[in-house]
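Presented below is the structure to which this report refers.
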Amino acid sequence: MGDVISTNLDEGKREMITGKTTVMAEFGRFYEQQYAVALFNSVRYEIEGGGNTQTQLLHRKDPLKNKSIFSGSLFQYLEESKKWRSRFLYVGDSYNISLYESKAAHDRGLHSKGVINCAGYRALTSMEEYLGLLNNNTKAKSASAPFLKCPTQFPLILWHPYARHHYFCVMTEKEQKKWHAVFQDCVRHSNNGLSEECKVATPAFTDALRLYRQAKGHYGTWDMMCGNQAQILANLVMETLHPELKNLIVPRLKGKLQQRQRDWMLISDAVCRQVLSQTKTQHEALAQVCEVERPRLDSALRTDMDQIITSKEHVSGKIRALVLPRIEQLVRSKVQPYIHSILEALMEPTSRGFSEVRDILFSELVEVSKNTMNDSSRGKLGEHMDKISMLAFHPVKMQSCYGKMEALNLEGLQQRCDVSSPSVFIQRAQVLMRQQMDNAVHTFEQLVHQSLDGHSTEDLCKTIQRCQDRVLKKYDYDSSTVRKKFFREALLQIIIPYMLKQLSPSCSPDLPKFKELIFEDFSRFILVENIFEEAVLQSVSKDIMMAVKEAAVQRRHNLYRDSMVLTNSDLNLHLLGEDTIDWAGQLGGVKGEKQGGEMANRKRKQIVSMIHLDGMPLPYESCQEIPGVDCIPEEYEGQAGQDLESKKPVNPVQHVPIEKEPGSPDGTCCLWDSHSMTIHTQLQNIYTIQYFVYKGAAFLQQISGIFQAHKAVTPCKL
Numbered sequence: 001m002g003d004v005i006s007t008n009l010d011e012g013k014r015e016m017i018t019g020k021t022t023v024m025a026e027f028g029r030f031y032e033q034q035y036a037v038a039l040f041n042s043v044r045y046e047i048e049g050g051g052n053t054q055t056q057l058l059h060r061k062d063p064l065k066n067k068s069i070f071s072g073s074l075f076q077y078l079e080e081s082k083k084w085r086s087r088f089l090y091v092g093d094s095y096n097i098s099l100y101e102s103k104a105a106h107d108r109g110l111h112s113k114g115v116i117n118c119a120g121y122r123a124l125t126s127m128e129e130y131l132g133l134l135n136n137n138t139k140a141k142s143a144s145a146p147f148l149k150c151p152t153q154f155p156l157i158l159w160h161p162y163a164r165h166h167y168f169c170v171m172t173e174k175e176q177k178k179w180h181a182v183f184q185d186c187v188r189h190s191n192n193g194l195s196e197e198c199k200v201a202t203p204a205f206t207d208a209l210r211l212y213r214q215a216k217g218h219y220g221t222w223d224m225m226c227g228n229q230a231q232i233l234a235n236l237v238m239e240t241l242h243p244e245l246k247n248l249i250v251p252r253l254k255g256k257l258q259q260r261q262r263d264w265m266l267i268s269d270a271v272c273r274q275v276l277s278q279t280k281t282q283h284e285a286l287a288q289v290c291e292v293e294r295p296r297l298d299s300a301l302r303t304d305m306d307q308i309i310t311s312k313e314h315v316s317g318k319i320r321a322l323v324l325p326r327i328e329q330l331v332r333s334k335v336q337p338y339i340h341s342i343l344e345a346l347m348e349p350t351s352r353g354f355s356e357v358r359d360i361l362f363s364e365l366v367e368v369s370k371n372t373m374n375d376s377s378r379g380k381l382g383e384h385m386d387k388i389s390m391l392a393f394h395p396v397k398m399q400s401c402y403g404k405m406e407a408l409n410l411e412g413l414q415q416r417c418d419v420s421s422p423s424v425f426i427q428r429a430q431v432l433m434r435q436q437m438d439n440a441v442h443t444f445e446q447l448v449h450q451s452l453d454g455h456s457t458e459d460l461c462k463t464i465q466r467c468q469d470r471v472l473k474k475y476d477y478d479s480s481t482v483r484k485k486f487f488r489e490a491l492l493q494i495i496i497p498y499m500l501k502q503l504s505p506s507c508s509p510d511l512p513k514f515k516e517l518i519f520e521d522f523s524r525f526i527l528v529e530n531i532f533e534e535a536v537l538q539s540v541s542k543d544i545m546m547a548v549k550e551a552a553v554q555r556r557h558n559l560y561r562d563s564m565v566l567t568n569s570d571l572n573l574h575l576l577g578e579d580t581i582d583w584a585g586q587l588g589g590v591k592g593e594k595q596g597g598e599m600a601n602r603k604r605k606q607i608v609s610m611i612h613l614d615g616m617p618l619p620y621e622s623c624q625e626i627p628g629v630d631c632i633p634e635e636y637e638g639q640a641g642q643d644l645e646s647k648k649p650v651n652p653v654q655h656v657p658i659e660k661e662p663g664s665p666d667g668t669c670c671l672w673d674s675h676s677m678t679i680h681t682q683l684q685n686i687y688t689i690q691y692f693v694y695k696g697a698a699f700l701q702q703i704s705g706i707f708q709a710h711k712a713v714t715p716c717k718l
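Take the sequence shown: its letters are residues 1 to 718, numbered as in UniProt numbering.
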């Protein structure tokens, strides 16, 4: 592997790659300009204030504190040895995937073999789909063959356009579905955009990136705006560098097609890592320069805010007088006729997804109510509430909601409005579904917890029912509000780039002359390009607002009209806390562990439950439980799994002669190739038969013991 990279990435090509990252200098100019504008907008909002729609549901402060998403073992293909090897994967609250030699290595706190950040990746479950992406086609070519053979029928592949691909496989379809849901959630979380808590740096970065791409002729949405700032900038560089290097290097690669594909992916990953390292360093330096200058800019803004606002309004009036006739003509002829059709395409799958969220929430709350009727003790209530607490972050439970959004089809807009794919809108809507589910569950928890004070256990069922009805009504209102905001933002994301692309050739040459109207001291906070875009935004916002309002008035897709909701409209609700309630500790009498460091990570409660195949122990520890976890089981397991605890047969895989890797912590992790996997499958079948013979004998022995005991107490009469 190293020879391929060193041969094709010599010193000259690495210098060429470094030279391509000089785009950071041009991006840096945009960023410094937009940083001052974003600071102006932030300070103005702070001074003047602004009204946001008051939500009905509470928001949890840190929902994943002391939690992990999932962990378990599966097979991974290693490029270095070209073999399949058992790995233990741990997905923590950061949604990064950590890979360990084994579960024992993780429990002992050993260093992981690697960490996968899923930003920009796609989770696949078939080789055909993977080959289609590999060949830049929607479908795999009939003559193409994979360069690796999966030893089972259930592969899991993490694909990235530039970085290394990761290949996994599992033994059953059930495992594949669960792992696929977990991987998709990792991708969704990593692609969720930059933190909105940074009121200056985040808008400055996104506006600078948009203006930089527009200067290069790229309008519209961009699929690779995912991850942190350094990752986004690396994708920006790779967008142009990757095809250039591919045309330069791939024709010189030797070997069969599959080998050339494999070599090119290794080279591309090495280039991506080099670019990421450089963009990270350069962005940190750029951000540091702006942060150092921020106090001076902030002081100037607060001193001259009134004059800056007056100057901006004067320039805005001049620019609008020039461009408004052209904008209105474009809106009437090319935008208005399509707003309702675009909105309808967005509303249908989005509303189905939010409706599915409500159905799942309702069924889970009803389950809590039923269980409370059977046992109204506070200890049992604590168990039920502890299980439902992390419902929103359970990728398997939420999969049906996310799947509704996958039906979004914007096929007619991809060429007309420069929409690369609907994935940007799909993932954003899915994240909003998760947030609304967590807000609803958290509000239900707070209401139940508040109602427990001074109420007897006899009234517990009625109390839970009242809390349930109250939360569902609040969810209906907030769901409507969130969806309407999502529709407005999505329409703007689709329409504004199209309008800018149509108007810029005729309007942009006239903008520089308006710079003369701006005082030099205010020139950093007032940019004519931003004023032009604001004029375009304001002109089309009225039509978009009217279209969404019309849908709400007609009560289509359960949208409600906006109404004034005061902060004191529900005094008891807004006095409640933001922190997660420790139900097990408060009602169950179990004190939470207060440990730090690696030990705390290994003892975290896990959200997704483990897979048990009808009480049979799985080979290679696949998806077996880590300590203290089973928060939301997908299935209600019987006593079969518990019966195995007292008399558990030896794991069948441990009888298979395996190759020990030097340096392995426990010496039990085996290397797998296709031949050894076939032998393993045959041996597994043999030991499965032995296992059932063992269970049958144990069952007969148990029946015999019961009969003998009964006979000793009551002698049989002939």
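All C-beta atoms in this analysis are idealised placements derived from N, C-alpha and C, irrespective of residue type, glycine included. All values reported here derive from a predicted model rather than from experimental measurement.
Worksheet item: Where does Q168 sit, in a helix, a strand or coil, going by DSSP?
Response: Within the sequence shown, residue 168 is the residue found at index 168, counting from 1. Correcting the residue identity first, residue 168 is Phe in this sequence and not Gln. In the structure shown, F168 sits in a strand (DSSP, three-state: E or B).
Fill in: DSSP-derived helix/strand/coil call for Y560
Walking along the sequence shown from the start, residue 560 turns up at place 560. Coil, per DSSP.
Worksheet entry | Span separating the alpha-carbon of V424 from that of T481 | Start at 1 with the first residue of the sequence shown, and residue 424 comes out as number 424. Start at 1 with the first residue of the sequence shown, and residue 481 comes out as number 481. When rounded, the distance between both Cα atoms is 20 Å.
Practice prompt. Flag this pair as yes or no: are the beta carbons of D263 and L253 separated by less than 8 Å?
Written response: If you number the sequence shown from 1, residue 263 lands on position 263. If you number the sequence shown from 1, residue 253 lands on position 253. Yes, these two residues count as a Cβ contact at 8 Å.
Discussion item. When you compare the CB positions of L503 and L330, do they come within less than 8 Å of one another, or not?
Written reply: Locating residue 503 in the sequence shown gives position 503, where the first residue counts as 1. Locating residue 330 in the sequence shown gives position 330, where the first residue counts as 1. Contact flag set, yes.
Worksheet item: Where DSSP assigns a beta bridge to A123, which residues make up the other side?
Response: For this step, residue 123 is matched to residue 123 along the sequence shown. DSSP, once it has assigned bridges, lists L158 as partnering A123.
Practice prompt. Please report how far the alpha carbon of I679 lies from the alpha carbon of S400, in whole angstroms.
Written response: For the purposes of this step, residue 679 is taken as the residue at position 679 of the sequence shown. For the purposes of this step, residue 400 is taken as the residue at position 400 of the sequence shown. Bear in mind that the predicted position of I679 carries a pLDDT of just 41, short of 50, making it too unreliable to give a figure here.
Worksheet item: Which residues does DSSP pair with R87 in a beta bridge?
Response: Start at 1 with the first residue of the sequence shown, and residue 87 comes out as number 87. Note: R87 sits in a beta bridge opposite L74.
Item to complete: Work out the CA separation of H218 and residue 727 for me, nearest whole Å.
Response: Given a span of 1 to 718 for the chain in the structure shown, any question on residue 727 remains unanswerable.
Discussion item. If you reduce the DSSP assignment to three classes, tell me which class I526 lands in.
Written reply: Here residue 526 corresponds to residue number 526 of the sequence shown, with the count starting at 1. Here I526 sits in coil by DSSP.
Worksheet entry | Per-residue DSSP class, three states only, for Y100 | As a first step, residue 100 is located in the sequence shown; it is residue number 100 there, counting from the start. Y100: strand per DSSP, three-state reduction.
Worksheet item: Under 8 Å between the Cβ atoms of P395 and L408?
Response: In the sequence shown, counting from the first residue as 1, residue 395 sits at position 395. In the sequence shown, counting from the first residue as 1, residue 408 sits at position 408. No, the pair does not count as a contact, with Cβ atoms beyond the cut-off.
Worksheet item: Which stretch, first to last residue, makes up the alpha helix (DSSP H) that contains V448?
Response: By 1-based counting over the sequence shown, the position of residue 448 is 448. Per DSSP, V448 belongs to the alpha helix (DSSP H) from 423-452.
Worksheet item: At a Cβ threshold of 8 Å, is Y402 touching chain C?
Response: The structure shown contains no chain C, having only a single protein chain.
Worksheet item: Just to confirm, are I116 and H166 a CB contact at a threshold of 8 Å?
Response: Within the sequence shown, residue 116 is the residue found at index 116, counting from 1. Within the sequence shown, residue 166 is the residue found at index 166, counting from 1. Yes, the pair counts as a contact, with Cβ atoms nearer than the cut-off.
Fill in: Sub-8 Å separation of L527 and I496 beta-carbons
As a first step, residue 527 is located in the sequence shown; it is residue number 527 there, counting from the start. As a first step, residue 496 is located in the sequence shown; it is residue number 496 there, counting from the start. Their beta carbons are not under 8 Å apart, which means L527 does not touch I496 by this criterion.
Worksheet item: Using the C-alpha atoms, what's the distance from C150 back to E101?
Response: Here the question's residue 101 lines up with position 101 in the sequence shown. Here the question's residue 150 lines up with position 150 in the sequence shown. Going by C-alpha positions, E101 is about 20 Å away from C150.
Worksheet item: In terms of residue numbering, what span does the beta strand (DSSP E) encompassing G114 cover?
Response: By one-based count along the sequence shown, residue 114 stands at place 114. Element bounds for G114: 114-116.
Item to complete: Rounded to whole angstroms, what's the CA-CA distance from M225 to R332? Just pull it up for me.
Response: Within the sequence shown, the letter at position 225 stands for residue 225. Within the sequence shown, the letter at position 332 stands for residue 332. M225 and R332: Cα-Cα distance of roughly 31 Å.
Worksheet item: Can you name, in chain order, every residue of its own chain whose Cβ lies under 6 Å from the Cβ of Q682, other than the five neighbours on each side?
Response: For the purposes of this step, residue 682 is taken as residue 682 along the sequence shown, with counting starting at 1. The pLDDT assigned to Q682 is 47, lower than 50, so where the model puts this residue is not dependable; a value taken from the coordinates is nonetheless given after this. Counting only Cβ-Cβ distances below 6 Å, and skipping sequence neighbours, we find nothing.
Discussion item. If you follow the alpha helix (DSSP H) that F27 is in, where does it begin and where does it stop?
Written reply: Working through the sequence shown from its first residue, we reach residue 27 at position 27. Note, F27: alpha helix (DSSP H), 23-48.
Worksheet item: Are M437 and V335 closer than 8 Å when you measure CB to CB?
Response: Residue numbering aside, residue 437 sits at position 437 when the sequence shown is read from its first letter. Residue numbering aside, residue 335 sits at position 335 when the sequence shown is read from its first letter. Taking 8 Å as the Cβ cut-off, M437 and V335 do not qualify as a contacting pair.
Worksheet item: If we count the other Cβ atoms within 10 Å of its Cβ and call it buried at 16 or more, is N8 buried or exposed?
Response: Against the sequence shown, residue 8 aligns to sequence position 8. Result: buried.
Worksheet item: Roughly how many whole angstroms lie between the Cα atoms of S195 and T152?
Response: Sequence index remark: in the sequence shown, residue 195 carries index 195 (1-based). Sequence index remark: in the sequence shown, residue 152 carries index 152 (1-based). Distance between the alpha carbons of S195 and T152 is about 40 Å.
Worksheet entry | Helix, strand or coil at S420 [DSSP, three-state] | Position 420 of the sequence shown, counting from 1, holds the residue named residue 420. Coil at S420, not helix or strand.
Worksheet entry | Residue span of the alpha helix (DSSP H) that contains Q184, given as start and end | Within the sequence shown, the letter at position 184 stands for residue 184. Run containing Q184: 173-190, per the alpha helix (DSSP H) assignment.
Discussion item. Using a Cβ-Cβ cutoff of less than 8 Å, which residues in the same chain neighbour D543 once the five nearest sequence positions on both sides are dropped?
Written reply: The sequence position of residue 543 within the sequence shown is 543, counting from 1. The residues are V331, V335, Q336, I339.
Worksheet item: Is the segment 15-34 touching the segment 207-214, taking contact as three or more C-beta pairs under 8 Å?
Response: Judged by Cβ distances under 8 Å, the segment 15-34 makes contact with the segment 207-214, as three or more pairs qualify.
Fill in: Between the CA atoms of L447 and C467 - distance to the nearest angstrom
Start at 1 with the first residue of the sequence shown, and residue 467 comes out as number 467. Start at 1 with the first residue of the sequence shown, and residue 447 comes out as number 447. Cα to Cα, the separation comes out at about 6 Å.
Item to complete: Under 8 Å Cβ to Cβ from L57, same chain only, skipping five residues before and after it: list those, please.
Response: Here residue 57 refers to the residue found at position 57 of the sequence shown. Closer than 8 Å at the Cβ level, and outside the excluded window around L57, lie Q436, N439, A440, H442, T443, V471, K474, Y475, D478.
Discussion item. Let me check understanding here. Comparing Cα to Cα, which of L517, S508, E445 lies closest to P63?
Written reply: As a working mapping, residue 63 is identified with position 63 in the sequence shown. If we check each option's Cα against that of P63, E445 comes out closest.
Discussion item. Under 8 Å, with one C-beta from each stretch per pair, do the segment 37-47 and the segment 155-164 reach the 3-pair mark?
Written reply: no
Worksheet item: Is the segment 297-312 close to the segment 239-258, with three or more CB pairs under 8 Å?
Response: no
Item to complete: Taking all protein chains shown into account, decide if D359 is buried (16 or more other Cβ within 10 angstroms of its Cβ) or exposed.
Response: The residue given as residue 359 occupies position 359 in the sequence shown. It is exposed - the Cβ of D359 has fewer than 16 other Cβ atoms within 10 Å.
Worksheet item: So, are the CB atoms of V200 and A38 less than 8 Å apart?
Response: Position 200 of the sequence shown, counting from 1, holds the residue named residue 200. Position 38 of the sequence shown, counting from 1, holds the residue named residue 38. Closer than 8 Å, so yes.
Worksheet item: CB M545 to CB R488, shorter than 8 Å?
Response: Locating residue 545 in the sequence shown gives position 545, counting from the first residue. Locating residue 488 in the sequence shown gives position 488, counting from the first residue. Taking 8 Å as the Cβ cut-off, M545 and R488 qualify as a contacting pair.
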